[in-house]
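See below for the structure under consideration.
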Amino acid sequence: MIRLNNVVASYRTGRGSINAVDGVTIEIPDGCILGVAGESGCGKSTLMKVLYGDILSPMTLASGSIEYGFVDRRGAPVTSHTVQQEWFRRVSYVPQSSMNSLNPVIRISQQFIDFPGNDPDKRRVLEQVRAYIGKLGLPAEALDAYPHQLSGGMRQRMMIAMATFFQPELILADEPTTALDVVVQKEILMLLMELQEEMGNTIVLVSHDMGVHYQVTHRMLIMYAAKAVEYGDSDSVFEAPLHPYTRMLISSLPTIGDDRARDGIPGRPPSLWGELRGCRFADRCPFATDRCRVEEPVLVEHRPGHFAACHYAGAEMPSGGVQWQ
Amino acid sequence: MGVMRYVAKRLGLYLAVLFIGLTITFLLPRLMPINPVDGYIGQIQSRANGSISAEAIAELRVNLEQLYGLEGDLFTQYLAYLKRVVLNFDFGPSFTYYPQPVSAMILNALPWTLGLLLMSTFIAWVMGNMVGLVAGYFHRKKAASVLEFVGILLYPIPYYILAVTVLLLLAYVFPIFPLSATFPVGQMTPEKFGMIIYNSLLPGITLVLAGFGWNILSMKALAVATTEEPYVTYARLKGASNWMRMTRYVFRNALLPQVTALALSLGMVFNGALLTEMIFSYPGIGLVMRTAATGGDYNVLYGAITLSIIAVATAGLVIDLIYPLLDPRIRHR
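Protein sequence lines, in the order shown, are assigned to chains A and B.
The numbering of the first sequence is my numbering, which starts it at 11 and goes up by one.
The numbering of the second sequence is my numbering, which starts it at 511 and goes up by one.
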């Protein structure tokens with residue numbers, strides 16, 4: 011289990027400090043695919059960086075901690091300060107654009123083994139990799155190719171091969187399919203799901219696409235303005251969302267046979283620079299009351315394993331999505 | 511597939527460039543309103559106080575036209591020119607040092623210039639790239655900006671000021687090197703060779719310093735841009751070491767434009783030679799060219815210009831042939 015305890019990640023800028031992730035506390039069970047959704051600037055990517063332990067200036071982990079639930083070579087539990095030692099082997103990453111994430115002038119086999127380590131080991135690793143990529147639907151020769159000789163789909167498969175080869179405990183995938191067409195996108199997602207089922211590792215998948223989340227994930231985390239607003243089993247979140255923001259995200263999904271125009275969510279998220287009081291979604295929420303504007307809701311468990319940060323999470327709301335007039 | 515085809519294509523292009531270059535060199539002076547033969551005859555006439563007979567002048571004209579390759583109409587001249595230059599590398603005799611053949615003068619001076627210029631250009635390139643790479647890769651660190659400062663300091667200094675300053679400093683203030691160097695000629699002995707190296711150090715240092723600054727700044731800019739590439743970030747997130755990322759990721763990619771720059775500057779060595787060789791009285795092509803230009807020695811100038819064309823075109827050919835080895839995207843198209 012990966013435990014995030016009140017994680018606050020802030021960026022130091024000339025104007026002062028800004029919290030891009032502001033007090034996220036969740037527990038990610040082992041062997042699940044966690045989807046993270048939310049609009050641009052909600053802190054998804056920052057949360058991924060913190061989870062990966064890629065904490066570089068101007069970003070800092072202002073407070074809170076992450077426990078990864080496994081121990082390092084010396085037997086000490088891995089935390090945000092030591093997770094960097096585990097990169098590639100036990101915590102890996104699938105980048106957004108496979109197009110630019112491979113060095114264009116080096117053979118892929120060389121890029122497969124440029125993690126820290128000694129050479130005889132790596133030669134052995136490479137032999138195993140050759141066998142492994144066959145399983146992912148890649149010809150063995152693809153390993154000796156240069157990136158430009160492979161198609162976009164093959165390159166992304168290669169990135170997934172890199173991320174999964176050592177069977178890491180945790181794989182972070184930051185919009186791994188955005189650059190691909192829908193057919194290849196589906197293949198890549200199916201591949202990720204298959205591998206996850208086989209290896210039983212935890213995958214955290216960031217995507218804008220609620221459809222992708224619905225198909226792929228076991229659990230969902232919805233973020234809004236640096237806060238976690240809803241967290242629970244995907245079935246539960248998609249069937250009966252608790253937070254109005256989640257409802258709106260889901261009701262923006264098209265369904266077959268329904269040809270009404272989809273509504274967006276009017277308004278914009280609040281600037282994180284200002285003084286934030288009450289619920290951050292209150293200005294855009296059709297159900298907001300005075301209490302929402304003053305008192306900040308906390309993430310509480312409303313159903314077993316299903317958390318939401320809304321004062322009226324359990325309350326009855328109009329069914330059939332939200333009507334806007 | 512087409513390695514041979516690629517090479518053949520580049521070679522064909524190379525020959526075409528040479529041919530066009532030679533043609534332009536042939537045509538340009540013939541477009542000038544003055545005729546060197548008339549000028550020369552005029553000079554001789556005035557020296558002899560007009561006492562030369564018309565027959566003698568006619569004979570002189572025939573001889574001079576033959577020496578200059580000016581017999582017959584333009585097309586005949588052109589064919590004769592191509593035949594002489596391409597087949598025999600023959601530019602006729604020098605006028606200042608008559609009857610020494612131009613090709614011999616050039617071939618004598620060539621090793622000097624090539625030795626000094628190629629070596630110093632290459633050293634400046636290697637050093638500048640190494641310093642620039644470190645300055646660019648660690649551009650967020652304060653210490654790295656000191657390296658860049660070296661480049662900013664050196665780059666804008668005009669070469670002649672730099673050269674004279676170094677000359678004053680290292681030959682006059684601190685007399686480490688001779689103020690006016692002597693370069694022995696004739697049979698090469700180890701002793702003479704050592705002397706040549708020693709005397710070439712001073713001009714060499716000025717050339718390295720002059721090229722160093724540009725190479726630092728250029729490599730630094732390329733390295734900074736390359737560090738931002740997603741593949742460098744991804745390599746970092748895989749845990750690849752700084753050294754690995756700097757050499758295999760940043761350097762290998764930033765190198766490509768720098769190789770082009772190196773080949774181009776190697777092609778331009780004869781231009782750089784002029785000033786250096788004048789300041790340090792170094793017996794290379796530059797000095798030959800300068801003497802020829804001031805003395806109106808057309809044949810020598812022809813020879814030197816042709817050599818420059820060959821040098822630039824050859825540099826281009828070398829880039830084309832080396833580039834596929836460095837960039838697989840060109841190799842496997």
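The beta carbon of each residue, even a glycine, is placed where N, CA and C say it ideally should be.
Could you round the C-beta distance between B/Leu680 and B/Ile686 to whole angstroms and report it? I think they count as a contact, below 8 Å. As a working mapping, residue 680 of chain B is identified with position 170 in the second sequence. As a working mapping, residue 686 of chain B is identified with position 176 in the second sequence. Going by Cβ atoms, the distance from B/Leu680 to B/Ile686 rounds to 5 Å, so yes, they are a contact pair.
Take A/Asn110 as the anchor and find which of B/Thr675, B/Leu817, B/Thr743 has the nearest alpha-carbon. Here residue 110 of chain A corresponds to residue number 100 of the first sequence, with the count starting at 1. If we check each option's Cα against that of A/Asn110, B/Thr743 comes out closest.
Who are the near neighbours of B/Leu664 in its chain, counting only those whose CB is closer than 7 Å to its CB and skipping five residues on each side? For the purposes of this step, residue 664 of chain B is taken as the residue at position 154 of the second sequence. Result list for B/Leu664: Leu719, Phe722, Gly723, in chain order.
Inter-stretch contact at 8 Å, needing at least 3 Cβ pairs: the segment 195 to 211 of chain A / the segment 30 to 37 of chain A: no
Between which residues of its own chain and B/Asn709 is the CB-CB distance below 8 Å, once the five residues before and five after are set aside? Locating residue 709 of chain B in the second sequence gives position 199, counting from the first residue. Short of 8 Å from the beta carbon of B/Asn709, and not among the five residues preceding or following it, lie these beta carbons of its own chain, in chain order: Phe687, Pro688, Ala691, Thr692, Phe693.
Quick one, which of B/Ala558, B/Gly625, B/Ile534, B/Ile554 has its alpha-carbon nearest B/Arg571's? For the purposes of this step, residue 571 of chain B is identified with residue 61 of the second sequence, where counting begins at 1. Cα-wise, what sits closest to B/Arg571 is B/Ile554.
Counting Cβ pairs closer than 8 Å, one from the segment 770 to 782 of chain B and one from the segment 592 to 609 of chain B, do we hit at least three? Not touching, per the Cβ criterion.
Any beta carbon from chain B within less than 8 Å of A/Gln166's own beta carbon? Reading the first sequence from its first residue, position 156 is the one you call residue 166 of chain A. At a cut-off of 8 Å between beta carbons, A/Gln166 makes no contact with chain B.
Looking at A/Phe125: is its Cβ nearer than 8 Å to the Cβ of B/Lys748? As a working note, residue 125 of chain A is residue 115 in the first sequence. As a working note, residue 748 of chain B is residue 238 in the second sequence. With respect to B/Lys748, A/Phe125 sits close: the two C-beta atoms are nearer than 8 Å.
Can you tell me whether A/Asp80 is helix, strand or coil according to DSSP? Mapped onto the first sequence, residue 80 of chain A falls at position 70. Checking the sequence, you will find Phe at residue 80 of chain A rather than Asp. Residue state, collapsed to three classes: strand.
Determine which residues share a DSSP beta bridge with A/His316 and list them. As a position in the first sequence, residue 316 of chain A is number 306, starting the count at 1. Partner(s): A/Arg313.
Listed by chain order, chain A residues near B/His649 by CB distance under 8 Å: Locating residue 649 of chain B in the second sequence gives position 139, where the first residue counts as 1. What B/His649 touches in chain A: nothing, since even the nearest Cβ is about 14 Å away.
Name, please, each residue of chain A whose Cβ falls closer than 8 Å to the Cβ of B/Asp830. Position 320 of the second sequence, counted from the start, is the residue given in the question as residue 830 of chain B. Simply none; closest approach about 17 Å.
Please name the residue in B/Met629, B/Met637, B/Val683 whose C-alpha comes closest to that of B/Leu711. As a first step, residue 711 of chain B is located in the second sequence; it is residue number 201 there, counting from the start. Closest by alpha carbon: B/Met629.
In chain order, what residues of the segment 90 to 123 of chain A put their CB closer than 9 Å to some CB of chain B? Identification of residues in the segment 90 to 123 of chain A having a C-beta nearer than 9 Å to some C-beta of chain B yields Gln94, Gln95, Glu96, Trp97, Phe98, Arg99, Ser102, Tyr103, Pro105, Gln106, Ser107, Met109, Asn110, Ser111, Leu112, Asn113, Pro114, Val115, Ile116, Arg117, Gln120, Gln121, given in sequence order.
Report buried or exposed for B/Met514, applying the criterion of at least 16 other Cβ atoms within 10 angstroms of its Cβ. Position 4 of the second sequence, counting from 1, holds the residue named residue 514 of chain B. Counting Cβ neighbours within 10 Å, B/Met514 comes out exposed, since fewer than 16 surround it.
By Cβ distance below 6 Å, which residues in the same chain neighbour B/Asp837 in space, the five residues on each side in sequence not counted? Position 327 of the second sequence, counted from the first residue, corresponds to residue 837 of chain B. Spatial neighbours of B/Asp837 in its own chain (CB-CB distance under 6 Å, excluding positions within 5 residues in sequence) are listed in chain order as Leu766.
If you measure from the CB of A/Leu202, is any heavy atom of the ligand SAH nearer than 7 Å? Among the components modelled here there is no ligand, and therefore nothing to report on the ligand SAH.
Check each candidate in B/Ala590, B/Asn725, B/Phe703 and name the one with the smallest Cα separation from B/Pro666. Taking the second sequence and counting its residues from 1, the one referred to as residue 666 of chain B is at position 156. Per the Cα distances, B/Asn725.
With DSSP collapsed to three states, give me the class of A/Glu306. Counted from its first residue, the first sequence places residue 306 of chain A at position 296. Three-state result, A/Glu306: coil.
Just checking: is the beta-carbon of B/Asp837 within a distance shorter than 8 Å of some beta-carbon in chain A? On the second sequence, residue 837 of chain B is found 327 positions in, with the first residue counted as 1. Any Cβ of chain A closer than 8 Å to the Cβ of B/Asp837 would place that residue at the interface, and such an atom is present.
Kindly list, in the order they appear in chain B, the residues whose Cβ is closer than 8 Å to that of A/Pro126. On the first sequence, residue 126 of chain A is found 116 positions in, with the first residue counted as 1. Going along chain B in sequence order, the residues near A/Pro126 (Cβ under 8 Å) are Gly749, Ala750, Ser751.
Interface residues of chain B facing A/Gln177 [CB-CB closer than 8 Å]: In the first sequence, residue 177 of chain A corresponds to position 167, counting from 1. The premise fails here: A/Gln177 is roughly 16 Å from chain B at the closest Cβ pair, so nothing lies under 8 Å.
Counted within 10 angstroms of its Cβ, other Cβ atoms place A/Trp283 as buried (16 or more) or exposed: Here residue 283 of chain A refers to the residue found at position 273 when the first sequence is read from its first residue. Answer is exposed; the Cβ neighbour count stays below 16.
Local conformation of A/Met69 per DSSP, three classes: Taking the first residue of the first sequence as 1, we reach residue 69 of chain A at position 59. Strand at A/Met69.
Using a Cβ-Cβ cut-off of 6 Å (strictly less than) and excluding sequence neighbours within five positions of B/Ala745, which residues of its own chain qualify? Position 235 of the second sequence, counting from 1, holds the residue named residue 745 of chain B. If we look at B/Ala745 and ignore the five residues flanking it on each side, its Cβ neighbours are Arg755, Tyr759.
At 4 residues or longer, and completely inside the segment 76 to 127 of chain A: list those alpha helix (DSSP H) runs for me, N to C. 108 to 111, 118 to 122
In chain order, what residues of the segment 759 to 778 of chain B put their CB closer than 7 Å to some CB of chain A? Tyr759, Arg762, Asn763
Grouping DSSP H, G and I as helix and E and B as strand, with all else coil, what is B/Pro611? Taking the first residue of the second sequence as position 1, residue 611 of chain B is located at position 101. Three-state DSSP puts B/Pro611 in a strand.
Mind checking if B/Thr824 is an interface residue toward chain A, Cβ cutoff 8 Å exclusive? Translated into positions along the second sequence, residue 824 of chain B becomes position 314. For B/Thr824, the answer is no, since every Cβ of chain A falls outside 8 Å of its Cβ.
Beta-carbon of A/Asp82 versus every beta-carbon of chain B: anything under 8 Å? Against the first sequence, residue 82 of chain A aligns to sequence position 72. It does not: the Cβ of A/Asp82 has no partner Cβ on chain B nearer than 8 Å.
A/Asn211 classed as buried or exposed, judged by whether at least 16 other C-beta atoms fall within 10 angstroms: Along the first sequence, read from residue 1 onward, the residue named residue 211 of chain A stands at position 201. Buried is the call here.
Comparing alpha-carbon positions, which option in A/Phe317, A/Thr70, A/Ala292, A/Glu151 lies nearest A/Glu306? Taking the first sequence and counting its residues from 1, one reaches residue 306 of chain A at position 296. For A/Glu306, the nearest C-alpha among the options comes from A/Ala292.
Along chain B, in chain order, which residues have C-beta atoms closer than 9 Å to that of A/Tyr62? Along the first sequence, read from residue 1 onward, the residue named residue 62 of chain A stands at position 52. Result: Leu747.
Quick one: what's A/Glu2 bridged to in DSSP? Residue 2 of chain A lies beyond the range of chain A shown here (11 to 335); nothing can be said about it.
Just by C-beta distance, which residues in the segment 152 to 163 of chain A are closer than 8 Å to chain D? No chain D is present in this structure, whose protein chains are A and B.
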